[in-house]
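Worksheet: one structure, shown below.
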Amino acid sequence: MAERSTAAVDVADNSGDDPLTAKAGTAATDGVAEEQKTADTSAEGTDKKAVERQSGEQPSITAPELHSGHKLARRYRLEECVTRLDGFSSWRAVDEKLRRAVGVHLLPAHHPRARSVLAAARSSALLGDPRFVQVLDAVEENDLVYVVHEWLPDSTELTALLAAGPLEPHDAYQLVSQVSQAMAAAHREGLAHLRLTPSAVLRSSTGQYRIRGLAVNAALRGITAERPQRSDTEAIGALLYAALTQRWPYDSDAYGLSGLPKGVGLLAPDQVRAGVHRGLSEIAMRALANDGATASRQEPPCTTPDELAKAVAAMPRVKPPEPEFAAPPEYQRTTYQQGTYGRPQLRPQATQPVIVPPPPLQSRTGRALKWAVSALLIAALGLGSWQIADRLLGQENPPETPNTSPTIDDEKPEPPKPLKVRSAEEYAPDGLPQNRQGVGDTYDSDSSTYWRTKTFVDGPVLAPYKQGVGIVYDLGSEQNVSSASIALRYGGPNTVVTLYAADSLSPSGTPDSMKKIATVETSDSTAKPVTKTPVKTRYVLLWMTSVPYSGGDQYFGAGYKQAITDVSFQGTAP
């Protein structure tokens, strides 16, 4: 199996072990939400035994008895058992070859579900989508079947996030958008999750959501469904419902969340909690199976992850909350600061008598000082009159060669003019260019030709999968660059363009090491970054870090992408 660099284990959650619509060993009904059962422990045991008899399982199968320190394939050292359930166990382990933490699922090779677990793990590994926790290895060895996959120590389960309270509207929007797009991609490859619970969704420190246990979690528990796309869609709707209300959308408690009151049916999120975003509330109701009831606008229900992803993309984008700045501390006055400007005046306790100073300069010395000042003023007036007269007389005989050099006040800044592009090269610091042969189409004055990026599944921000895409332009010689005009093929919000002063046509450093000229975020098909202070450079890097979502066209599919048809720079000669 191909190995990848980061890791997280799927820790099984004993609470809420039943899936949303699919049951172990049986087919799920699709389109109508099943009522949540509140059976006691004995009833659950009876159901499990019945399922085991139907599938041919033996109730005596137990998880392999291993201990911390045991090694698999002389490489994976078991550290801590995090789950022991239904004949399998899950461990936190260490890959001693690559010196990293991994997660391991173990079950006996004679377990009735061993073959299906291996098949599910290998199918999931072939998907290779970074939005899912990756399967690193799937092996049958020494009467054991084990699946090795990533462990993400810097990520947080959605269960822990919901324990602190409902998510902000922007975070809930990102959750349903990213998870629905990821599951739509998985179903296009024939893979279903069938156990998409809050414990199966992780949020990284950068705000990206990742899904763990694709196909493998269901295989470990023997979960199947007649309509897997409907099951996963309802599960995503339940996750969004919980993110908006901090309540589980059924009448039983699960995953540390309280269920809805019994007998009232499925209430819309904005009826459960005040202040819920109206559009997200409608999306949650369209995704959940609720006896045919939909949102207030009576739009059709979403029955597949792809339909749900399109519905989320069609709604107005939820903006992130404005940053909150702490109020500055109250200004501390000292004994050296006088006056009461900006301070409330204290009500006077009693009227103080005003002390009138004596008239100034009434003494003998004062009178002498007044005469001395008067004499100085008269002398100054006489000197000033003489200088004025001398200047007027000097104008009658002007010099033969007057000084015609401009003064500072007469100099005006030179207006910017178009700067000609001599050549250009695509800039790809990660060694993965987008379209090298199309670079020349960006400055050929032909709007029908263009250079384009590849189509990205996730966006609009390209990071962390790619830091950015761009082109370096050669202006022939050093110029004072002040602005640029960039014509784009795909309109819409989220196109972010930044200009940098590069040191060559093939810079060796990253954009962070270059001098920034200007940056702009546009919402239409033209970007015009402008700087107040021109930057002197010969090479200009045009760098895009965010691109809009656009539908498919004649040649390219739908996704996050952008194309540049024409680029021009403005500035002055140094």
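Just add 433 to the spot in the sequence shown (first one is 1) and you have this note's numbering.
Beta carbons are placed, not taken as given, at the ideal position from N, Cα and C, and that holds for glycine.
For M977, the uninterrupted beta strand (DSSP E) segment begins and ends at 963–979. Taking V550 as reference, the option from G925, G561, G655, L693 with the minimal CA-CA separation is G655.
Apart from the 5 residues on each side of it in sequence, S856 sits with its Cβ closer than 6 Å to the Cβ of D907 in its chain, given in chain order. Spatial neighbours of A742 in its own chain (CB-CB distance under 6 Å, excluding positions within 5 residues in sequence) are listed in chain order as S613, Q614, A617.
From the listed residues S637, A801, G903, the smallest Cα separation to T978 is found for G903.
Taking the Cα positions, Y923 is about 10 Å away from R885.
Contact between the stretch 940–947 and the stretch 907–922 is absent, with fewer than three C-beta pairs closer than 8 Å. Under the 8 Å Cβ criterion, the stretch 544–564 counts as touching the stretch 575–589, having at least three qualifying pairs. Contact annotation: L540 and L499 have beta-carbon atoms that are not nearer than 8 Å. Remark: C-beta atoms of D999 and A920 approach each other more closely than 8 Å. For D528, the enclosing beta strand (DSSP E) has its first and last residue at 521–528. Here P749 is exposed, its C-beta having fewer than 16 other C-beta atoms within 10 Å. Burial is judged here by how many other beta carbons sit within 10 angstroms of a residue's own beta carbon; L802 has fewer than 16 and is exposed. In the structure shown, the three-state DSSP call for S714 is helix. The C-alpha of L699 is placed about 51 Å away from the C-alpha of N868. When Cβ pairs closer than 8 Å are counted between the two stretches, the stretch 886–896 is seen to touch the stretch 970–984, the count reaching three or more.
Secondary-structure assignment with DSSP links N913 through a beta bridge to K969, T1005. In this structure, K853 lies away from T1005, with their beta-carbon atoms at least 8 Å apart. Nearest to E590 by alpha-carbon distance, out of A658, F565, Y642, H620, is Y642.
Annotation: V872 is outside any alpha helix (DSSP H) and is labelled neither H nor E by DSSP.
Just measuring C-alpha positions, the residue of D604, K965, G692, W976 sitting nearest A935 is W976.
Contact annotation: the stretch 874–881 does not touch the stretch 952–971, with fewer than three C-beta pairs closer than 8 Å. V705 and S956 have their C-alpha atoms spaced approximately 36 Å apart. Comparing alpha carbon positions, the residue from S637, L595, V515, K530 closest to A896 is S637.
In this structure, P733 lies away from H620, with their beta-carbon atoms at least 8 Å apart. Boundaries of the alpha helix (DSSP H) around S549: 547–560. Take the alpha-carbon of A526 and the one of L505: they are about 10 Å apart.
Where I950 is concerned, the enclosing beta strand (DSSP E) starts and stops at 948–955. In this structure, DSSP gives H538 an extended state, which the three-state scheme calls strand. A652 and G696 have their C-alpha atoms some 33 Å from each other. According to the DSSP assignment, E513 belongs to no alpha helix (DSSP H) but to the beta strand (DSSP E) extending over 509–518. In the DSSP assignment, P851 falls within the beta strand (DSSP E) that extends over 850–852. For S610, the uninterrupted alpha helix (DSSP H) run begins and ends at 602–621, by DSSP. Of the candidates A746, V535, T882, L531, A746 places its Cα closest to the Cα of G992. When beta bridges are read from the DSSP output, G692 appears opposite W681. For Y972 against S937, the beta-carbon gap comes to about 6 Å, under 8 Å, which counts as contact.
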